[in-house]
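Below is one structure, written out as structure tokens; comments come after it.
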Amino acid sequence: MINLHEVLVKTKNIAKEFSGVRVLDDINIEIKKGEIFGIIGENGAGKSTFIKILNGIYQQTKGEVFFQGKKVDMDVQKAKNIGINTIPQEFNLINDLNVYENIFLGKEYQKNRFLLDKDKMRKETNKFLKVLETEIDPNEKISNLSVAQKQMVEIAKAVAYNSKLLIMDEPTTVLTPFEVKTLFKLMKDLVSQDITIIYISHNLKEVKEICDRVMVLRDGEFICLEEADDLDEKEMANRMVGRELNQMFPSKVKAGEEKVLEVKNLNVEGLLENINFDLKKGEILGFSGLVGAGRTELAETIIGIREKSSGEIFINGEKVIIDSPSKAVKNDIAYLPEDRQGVGILTNFNVPSNITLISLKNYTKILINHKKVKEKARYYVDEFNIQAPSLDIALEYLSGGNQQKVSLAKSLDTEPNIFIFDEPTRGIDVNAKMEIFNFIHELVQSGISVIFISSELEEIIGMCTRVVVMRSGSITGILEDEHINEEEIMYHATGVKRGAI
Amino acid sequence: MKNKIEKEKKNFWDLLKKINFEKYGPLIALVVLFIISSFASPYFLKFRNLTNILRQVSYTGIIALGMTFVIISAGIDLSVGSMTALVGGIVIMTLNYFGGGIFAIFMAIIAGILFGLVLGAINGVIITKWNVAPFIVTLGTMSIFRSLTLYISDASEFRSTSTIFPELGMGYLLKLPIPVWIFFGLTILYSIVLNHTKYGRYICAVGSNQKVARYSAIKVKLTKFFAYVIVGINVGITAILLSSRLNSISSSGAGTGYELDAIAAVIIGGTAMSGGSGSVVGTLIGAIILGIVNNMLNMMGVSPYLQGTVKGLVIIGAVLIQRKKE
Numbered sequence: 003m004i005n006l007h008e009v010l011v012k013t014k015n016i017a018k019e020f021s022g023v024r025v026l027d028d029i030n031i032e033i034k035k036g037e038i039f040g041i042i043g044e045n046g047a048g049k050s051t052f053i054k055i056l057n058g059i060y061q062q063t064k065g066e067v068f069f070q071g072k073k074v075d076m077d078v079q080k081a082k083n084i085g086i087n088t089i090p091q092e093f094n095l096i097n098d099l100n101v102y103e104n105i106f107l108g109k110e111y112q113k114n115r116f117l118l119d120k121d122k123m124r125k126e127t128n129k130f131l132k133v134l135e136t137e138i139d140p141n142e143k144i145s146n147l148s149v150a151q152k153q154m155v156e157i158a159k160a161v162a163y164n165s166k167l168l169i170m171d172e173p174t175t176v177l178t179p180f181e182v183k184t185l186f187k188l189m190k191d192l193v194s195q196d197i198t199i200i201y202i203s204h205n206l207k208e209v210k211e212i213c214d215r216v217m218v219l220r221d222g223e224f225i226c227l228e229e230a231d232d233l234d235e236k237e238m239a240n241r242m243v244g245r246e247l248n249q250m251f252p253s254k255v256k257a258g259e260e261k262v263l264e265v266k267n268l269n270v271e272g273l274l275e276n277i278n279f280d281l282k283k284g285e286i287l288g289f290s291g292l293v294g295a296g297r298t299e300l301a302e303t304i305i306g307i308r309e310k311s312s313g314e315i316f317i318n319g320e321k322v323i324i325d326s327p328s329k330a331v332k333n334d335i336a337y338l339p340e341d342r343q344g345v346g347i348l349t350n351f352n353v354p355s356n357i358t359l360i361s362l363k364n365y366t367k368i369l370i371n372h373k374k375v376k377e378k379a380r381y382y383v384d385e386f387n388i389q390a391p392s393l394d395i396a397l398e399y400l401s402g403g404n405q406q407k408v409s410l411a412k413s414l415d416t417e418p419n420i421f422i423f424d425e426p427t428r429g430i431d432v433n434a435k436m437e438i439f440n441f442i443h444e445l446v447q448s449g450i451s452v453i454f455i456s457s458e459l460e461e462i463i464g465m466c467t468r469v470v471v472m473r474s475g476s477i478t479g480i481l482e483d484e485h486i487n488e489e490e491i492m493y494h495a496t497g498v499k500r501g502a503i
Numbered sequence: 049m050k051n052k053i054e055k056e057k058k059n060f061w062d063l064l065k066k067i068n069f070e071k072y073g074p075l076i077a078l079v080v081l082f083i084i085s086s087f088a089s090p091y092f093l094k095f096r097n098l099t100n101i102l103r104q105v106s107y108t109g110i111i112a113l114g115m116t117f118v119i120i121s122a123g124i125d126l127s128v129g130s131m132t133a134l135v136g137g138i139v140i141m142t143l144n145y146f147g148g149g150i151f152a153i154f155m156a157i158i159a160g161i162l163f164g165l166v167l168g169a170i171n172g173v174i175i176t177k178w179n180v181a182p183f184i185v186t187l188g189t190m191s192i193f194r195s196l197t198l199y200i201s202d203a204s205e206f207r208s209t210s211t212i213f214p215e216l217g218m219g220y221l222l223k224l225p226i227p228v229w230i231f232f233g234l235t236i237l238y239s240i241v242l243n244h245t246k247y248g249r250y251i252c253a254v255g256s257n258q259k260v261a262r263y264s265a266i267k268v269k270l271t272k273f274f275a276y277v278i279v280g281i282n283v284g285i286t287a288i289l290l291s292s293r294l295n296s297i298s299s300s301g302a303g304t305g306y307e308l309d310a311i312a313a314v315i316i317g318g319t320a321m322s323g324g325s326g327s328v329v330g331t332l333i334g335a336i337i338l339g340i341v342n343n344m345l346n347m348m349g350v351s352p353y354l355q356g357t358v359k360g361l362v363i364i365g366a367v368l369i370q371r372k373k374e
């Protein structure tokens with residue numbers, strides 16, 4: 003058994019500033035050899051900054067890092083050489099190359115000083131993959147692998163680099179529960195082989211399950227470092243936010259009886275199968291499910307981005323054909339996309355141009371009425387408390403939460419009756435989250451109906467009066483009232499249970 | 049007293065810092081170039097020389113105005129030079145067909161604009177409907193348009209029989225050549241389209257991020273399509289002015305290198321090749337800068353064969369300066 007008290011990494015008064023703003027302040031910790039060290043905190047708490055100092059991407063403004071007792075001035079290459087490796091959230095694999103080529107990228111074995119020694123690389127790759135107990139063919143192309151398998155290849159790559167410290171940033175968000183179990187078993191194996199792991203996650207349940215010790219950061223400051231056994235999830239959350247988290251969600255509003263949207267026997271080839279549900283006036287209808295369950299695809303089909311192969315959509319009892327986003331706008335449907343920067347906002351456009359992008363015709367006769375556009379933008383900036391130094395600033399300079407509010411204003415400016423929110427709180431901090439929840443609450447109170455897609459069970463349970471659960475492109479259950487709880491949702495999301503209540 | 053002066057000095061530097069170099073960079077470059085040129089050659093400031101420069105740049109400048117929209121949409125049109133020759137040929141043929149009088153000129157103008165529009169639309173349809181990269185499509189049509197021009201004319205010249213047609217291209221209005229008036233007028237028109245209409249906003253959105261544009265209920269394909277139609281119409285106008293000035297169109301020589309000059313004017317004017325934003329007035333300034341550079345090289349007796357080298361350096365330099373600002 004290894005000595006659990008040997009220190010692998012020590013940080014002394016580490017601090018980091020970006021153009022005068024302190025994002026990390028005075029972190030003094032010791033990470034022990036062979037432990038799984040959890041880091042939790044809200045967005046902007048400094049988790050990423052901290053690990054980026056450890057793996058050499060950032061240089062600290064102040065303080066020192068010690069690795070195995072020796073002071074190190076870290077940079078990316080040095081970190082790799084001494085055995086610090088990061089499994090990135092976005093995988094760093096080349097899709098057109100196969101597994102062993104990826105693992106040995108940049109350090110290929112050669113024979114006769116010229117030709118690649120493919121056999122040796124395959125053999126070594128097999129060895130690494132065997133250590134990880136996965137059955138991946140070294141000759142398989144990366145593009146043919148599942149997300150979980152790609153993650154395994156990333157881990158194998160790290161093992162091949164002789165890792166002593168493995169940093170995992172949100173590794174489970176892309177995995178199914180079964181794959182998470184496999185990953186956790188693998189992590190335990192790695193730890194028993196003398197590898198130390200830093201584990202960052204928003205999923206507090208998993209943090210409690212897998213980590214030995216947990217560090218909490220808030221606004222760049224060290225809050226506490228505790229044995230995972232001594233903290234429960236609620237306590238973790240409270241310490242992350244710095245107050246009691248009871249009033250996160252506004253009270254629920256009772257929905258009307260009138261059906262504003264009905265989806266009947268909707269199919270999209272290869273993506274969605276036989277979708278049936280309805281949305282009532284003033285309702286918040288939750289959509290829950292695992293990653294890849296088809297919720298975003300369903301939303302995109304309803305607003306006419308994706309082509310349906312069969313099925314019908316009724317709005318206020320009348321059959322409608324929505325085959326383009328402009329038809330959705332005409333039918334008073336708004337969509338707040340999950341992928342904010344990819345499809346939601348134009349980062350090089352300023353605030354007013356973004357907000358009025360969909361509704362521009364309301365401000366135009368032949369020429370755009372710039373004054374009216376600005377007035378409307380100012381209204382939303384006040385209403386949503388959008389923090390922007392000026393209206394003319396390009397959105398790329400705003401924080402994620404403020405970008406999200408602009409995206410929200412942009413969808414709202416079309417004056418919808420039905421509003422589809424797709425992961426509206428992804429990547430934004432707790433205060434902005436609460437503002438968005440309150441905003442949705444106000445919407446339904448004013449008679450607008452809401453479809454609320456979220457992967458956070460807590461949000462679904464806190465916000466919705468009815469929940470549709472999806473799994474692999476079909477609906478596995480529609481839950482109501484007291485049936486809306488974590489267990490029931492997970493049973494349906496994982497396919498253990500099936501059928502509407 | 050001393051304090052006050054220093055304060056004013058400071059204000060001046062603050063003011064200088066506040067200048068939006070990204071926006072006014074091309075204008076500043078033009079002013080600097082203008083001042084240098086007026087010292088370098090006594091003939092430069094002669095009214096006749098200045099109007100000549102403007103006339104020379106107006107042909108490719110008019111095309112460049114349309115090219116601005118294409119480049120903002122993150123596309124490119126390489127076919128404009130060959131298209132100028134083909135449309136120019138059609139203009140002369142129409143003119144001759146109707147006998148070369150006033151009515152014939154009227155018909156020739158309509159034919160020029162219409163054919164430019166149609167050829168631009170062909171580019172646009174292939175690019176948007178069949179989803180082929182603009183570079184490939186317009187490289188293809190560049191070859192096709194030139195070859196058709198050569199075929200129709202049997203590789204010789206389209207010669208006009210009209211005696212009054214040249215008045216359009218050679219004529220003056222209030223001391224400025226007619227093509228210059230048209231160039232300035234179109235600049236104002238397209239500047240309004242880009243900055244003050246829905247279409248202008250949409251073309252920027254499409255060029256900035258096509259997916260965001262699509263999710264924002266913008267008809268992405270139609271928006272892009274119109275950019276190629278606009279450049280086609282402008283090619284038509286240039287073809288009319290060019291054939292009128294020469295009263296003929298050479299099937300092999302007309303319009304060669306126009307694509308380079310048009311794209312160069314757009315880039316020197318500050319529109320980024322990556323698309324998403326740009327300036328029509330910038331393109332006008334870019335075209336004039338290119339014209340002055342050529343004019344100076346001529347007057348300083350630099351070999352015409354070397355002028356391409358200087359033009360190339362100016363283009364690369366303009367892009368480097370833009371990147372530095374980022």
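Just so you know, the sequences run in chain order A and B. Just so you know, we're using my numbering here: the first sequence kicks off at 3 and counts up by one. Just so you know, we're using my numbering here: the second sequence kicks off at 49 and counts up by one. Ideal placement from N, C-alpha and C gives every residue a C-beta, glycine not left out.
Between the C-alpha atoms of residue i and residue j, what's the straight-line distance to the nearest angstrom?
i, j, result
"B:F206", "B:Y353", "27 Å"
"A:V155", "A:I89", "10 Å"
"A:I360", "A:N487", "37 Å"
"A:R473", "A:A495", "5 Å"
"A:S148", "A:N104", "15 Å"
"B:V283", "B:F151", "22 Å"
"A:K54", "A:Q389", "27 Å"
"A:G29", "A:G222", "Just to set this straight, residue 29 of chain A is Ile in the shown sequence, not Gly. Looking at the two C-alpha atoms, the distance is approximately 9 Å."
"B:C252", "A:G344", "16 Å"
"A:D86", "A:F68", "In the sequence on display, residue 86 of chain A carries Ile and not Asp. A:I86 and A:F68: Cα-Cα distance of roughly 12 Å."
"A:F52", "A:F224", "11 Å"
"A:A336", "A:V383", "19 Å"
Cutting at 7 Å between CB atoms, please list the residues of its own chain near residue i, excluding the five before and the five after it.
i, result
"B:V139", "A156, A159, G160, A287, I288 and S291"
"A:V331", "I360 and T416"
"A:N371", "Y365"
Do we get a CB-CB distance below 8 Å when we pair residue i with the residues of chain A?
i, result
"B:A253", "yes"
"B:S121", "no"
"B:N257", "yes"
"B:K177", "no"
"B:T211", "no"
"B:G324", "yes"
"B:S296", "no"
"B:R275", "It should be noted that the sequence gives Ala, not Arg, for residue 275 of chain B. Closer than 8 Å: no."
"B:S292", "no"
"B:K267", "yes"
So, helix, strand or coil for residue i, using DSSP?
i, result
"A:M250", "coil"
"A:D483", "helix"
"A:Y163", "coil"
"B:K373", "With a pLDDT of 49 at B:K373, under the threshold of 50, the predicted position of this residue should be treated as unreliable, and no value is reported."
"A:A17", "strand"
"A:T88", "strand"
"A:M472", "strand"
"A:G288", "strand"
Within the same chain, show all residues whose beta-carbon is closer than 8 Å to that of residue i, passing over the 5 residues directly before and after it, in chain order.
i, result
"B:S234", "It should be noted that the sequence gives Leu, not Ser, for residue 234 of chain B. Taken in chain order, the residues that qualify are I110, L113, N282 and I285."
Flag residue i as yes if its beta-carbon sits less than 8 Å from any beta-carbon of chain B, otherwise no.
i, result
"A:A502", "For A:A502, the pLDDT reaches just 49, beneath the cut-off of 50, and the residue's location in the model is therefore unreliable, leaving the point undetermined."
"A:I455", "no"
(message) Can you confirm whether the stretch 89–108 of chain A touches the stretch 137–154 of chain A when touching is taken to mean that 3 or more C-beta pairs between the two stretches lie within less than 8 Å?
(response) yes
(request) Take every Cβ of the stretch 82–93 of chain B, pair it with every Cβ of the stretch 205–223 of chain B, and state whether three or more of those distances are shorter than 8 Å. (result) no
(message) Three or more C-beta pairs under 8 Å: does that hold for the stretch 309–327 of chain A against the stretch 70–80 of chain B?
(response) no
(request) Determine, using beta-carbon pairs with one atom in the stretch 263–277 of chain A and one in the stretch 228–248 of chain A, whether at least three such pairs fall under 8 Å. (result) no
(request) Give a yes or no on contact between the stretch 124–139 of chain B and the stretch 226–243 of chain B, applying the rule of three or more CB pairs nearer than 8 Å. (result) no
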